[in-house]
Every structure is written in structure tokens, then in C-alpha cells.
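If you're matching positions, the sequence shown starts at 1 in UniProt numbering and goes up one per residue.
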Amino acid sequence: MRKAIVYASVHHGNTDKIVKSIAEECQVDLIDAVKQSDADLRSYDMIGFASGIYFSKFHQSILKFAEKNLSDDKKVFLICTYGGSANYRSIEQILNKKHASVVGKFGCKGYDTFGPFKLVGGIAKGHPDDKDIQNAVEFVKDL
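#1: With DSSP as the reference, please indicate the residues paired to residue 108 in a beta bridge.
#2: Can you list, in chain order, the residues of its chain whose CB lies under 6 Å from that of residue 87, leaving out five sequence neighbours each side?
#3: Taking three-plus beta-carbon pairs below 8 Å as touching, is the stretch 19–36 in contact with the stretch 80–97?
#4: Please confirm whether residue 6 and residue 62 have their CB atoms less than 9 Å apart.
#5: Which of helix, strand or coil does DSSP assign to residue 101?
#6: Is it right to say residue 17 is buried, meaning 16 or more other beta carbons lie within 10 angstroms of its own, or is it exposed?
#7: Given residue 91, which residues of its chain have a CB within under 7 Å of its CB, disregarding the five upstream and five downstream residues?
#8: Considering only DSSP beta bridges, list what residue 7 is partnered with.
#9: Can you check whether the CB of residue 101 is closer than 9 Å to the CB of residue 51?
#10: Cα-Cα, which of 70, 22 and 2 is closest to residue 93?
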């Protein structure tokens, strides 16, 4: 089964740590949506979308990428890192339009220094940690 993960990791590299560890242990192609706005995803059996949560949404590059490049009726899994809480609504709205079936969701804490969190040195320091990363790898292996 061919898998790809389309990801955006912008501030602290939280999502980058997760997806690169997944790619090391699972056969997964990585596509950085920040650097690459187009890709042919038709040959993949399953596609993951991974992002930090920004203002309660997946990163804009992920949302635009999915809108533009995801073909209909694909199996999809979601991964997010967050300071506050997981929120999949923004990407799920696009996936619903594309008739994608979400086969799993994974979220974990990620170091966050946005806005007022910067004043206190950030929240979720040290995350994603080794346990978070291993849980993400197991999540993808189990799909």
C-alpha cells in the first residue's frame, strides 16, 4: 500500500519531528506543502495530512494543497501537533467535499510560543517527546 504524508511544519519543527520519524520506520513519501504546492496524489492508496494547529486550523498551505491536489474518494489520515487542543474541522470540511474517508486521527502536544504563550516561555515544552513520536509511528503502522 502506497502512503504519502503531506505536511506543514512552520514554527518549532514539531510536525517535522513526527513525520520524519514516521518516514524512517514506515514506507511513506513526505511532501512538504510549504515548499511544494502541487503533487499528483492519484497513485497513493492512503494520504496523510499533518500540521500544527494555527488559530484552531490546519496550516493554510495544507488546506490549499488538499483543496487543489486531493482527488475524490481517497483514504485519508490526519496528524496534528498543538499547544492548546487538537482541531481537525478545517481539513475535514475539505475532505467532506472530496468524499474522502478518514481512517484515523492522531494528535499530540507540540511546543507553542504563539501570542501570550511567548510571555511565559511557551507551553508544552519538550513536546513532541519520544513517547509522542513513538505513538505517531505506531498510529501509522496500524493503519
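The beta-carbon is built from N, C-alpha and C at its ideal position, and this holds for glycine as well. The model shown is predicted, which means the values in this text are computed figures rather than measured ones.
A quick look at the data gives this:
#1: Here residue 108 is taken as the residue at index 108 of the sequence shown, counted from 1. Bridge partners of residue 108: 81.
#2: Numbered from its first residue, the sequence shown carries residue 87 at position 87. Once the five neighbours on either side are set aside, the close Cβ partners of residue 87 are 53 and 56.
#3: No, they do not touch.
#4: What you label residue 6 is simply residue 6 of the sequence shown in a count that begins at 1. What you label residue 62 is simply residue 62 of the sequence shown in a count that begins at 1. Yes, they are a contact pair.
#5: Along the sequence shown, read from residue 1 onward, the residue named residue 101 stands at position 101. Correct three-state label for residue 101: strand.
#6: Position 17 of the sequence shown, counting from 1, holds the residue named residue 17. Buried, because 16 or more other Cβ atoms sit within 10 Å of the Cβ of residue 17.
#7: Taking the first residue of the sequence shown as position 1, residue 91 is located at position 91. If we look at residue 91 and ignore the five residues flanking it on each side, its Cβ neighbours are 49, 58, 62, 63, 66 and 78.
#8: Looking up residue 7 in the sequence shown gives position 7. Beta-bridge pairing links residue 7 to 32 and 50.
#9: Taking the first residue of the sequence shown as position 1, residue 51 is located at position 51. Taking the first residue of the sequence shown as position 1, residue 101 is located at position 101. No, Cβ-Cβ distance for residue 51 and residue 101 is not below 9 Å.
#10: Indexing the sequence shown from 1 puts residue 93 at position 93. The candidate whose alpha carbon is nearest that of residue 93 is 70.
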